[in-house]
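Asks: For the sequence shown, position 6 (counting from the first letter as 1) is numbered 18 according to the working numbering, and the numbering increases by one without interruption.
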Amino acid sequence: MDDSGQSGTPYLVDAKEACKLLCMGPRRLWSLTNCNAIPSRKIGRSVRYLPDELRAWIEAGCPTEPDSAEDIREAVRG
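The following block contains the structure:
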């Protein structure tokens, strides 16, 4: 099964790949994820990130306020 979109970008990335995309360390990523400042998806016990939402988070100025991830998700959905 193809796990990527038409552009070759994966639908979901793990924390390691998200850290690479965002140029940040894993501790900072987990901190932002735990307070819901960065958009993420929980699948079972795993946490995954949508690259489009990560790009939208960057374009929004990388907000670090708790629960700001919902605004990013809504912006991506349109």
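For every residue, glycine included, the Cβ atom is placed at its ideal position computed from N, Cα and C. Since the structure is predicted, the reported quantities are computational estimates derived from the model, not experimental observations.
1) DSSP puts Val6 in a beta bridge; with which residues?
2) Do Asn48 and Pro78 count as a contact pair if the criterion is CB distance below 8 Å?
3) For Pro75, which three-state DSSP category applies?
4) Assuming Arg85 and Pro51 make a contact with CB atoms under 8 Å, what is their CB distance in whole Å?
5) Counting only the same chain and skipping the five closest in sequence on each side, list residues whose C-beta sits under 7 Å from that of Met36.
6) Grouping DSSP H, G and I as helix and E and B as strand, with all else coil, what is Ser52?
7) Are Arg60 and Asp26 close, meaning C-beta to C-beta below 8 Å?
Replies: Reading it off the structure:
1) Because the chain is modelled from 13 through 90, residue 6 falls outside the range shown and cannot be assessed.
2) Taking the sequence shown and counting its residues from 1, one reaches residue 78 at position 66. Taking the sequence shown and counting its residues from 1, one reaches residue 48 at position 36. Pro78 places its beta carbon less than 8 Å from that of Asn48.
3) For the purposes of this step, residue 75 is identified with residue 63 of the sequence shown, where counting begins at 1. Coil.
4) One-based indexing of the sequence shown puts residue 85 at position 73. One-based indexing of the sequence shown puts residue 51 at position 39. Indeed, because the Cβ distance is near 5 Å, the residues count as touching under 8 Å.
5) Counting from 1 along the sequence shown, the entry for residue 36 is found at position 24. Apart from sequence neighbours up to five positions away, no residue of its chain approaches Met36 with a beta-carbon distance below 7 Å.
6) Taking the sequence shown and counting its residues from 1, one reaches residue 52 at position 40. If DSSP states are grouped into helix, strand and coil, Ser52 belongs with coil.
7) Along the sequence shown, read from residue 1 onward, the residue named residue 60 stands at position 48. Along the sequence shown, read from residue 1 onward, the residue named residue 26 stands at position 14. Yes, the Cβ-Cβ distance between Arg60 and Asp26 is below 8 Å.
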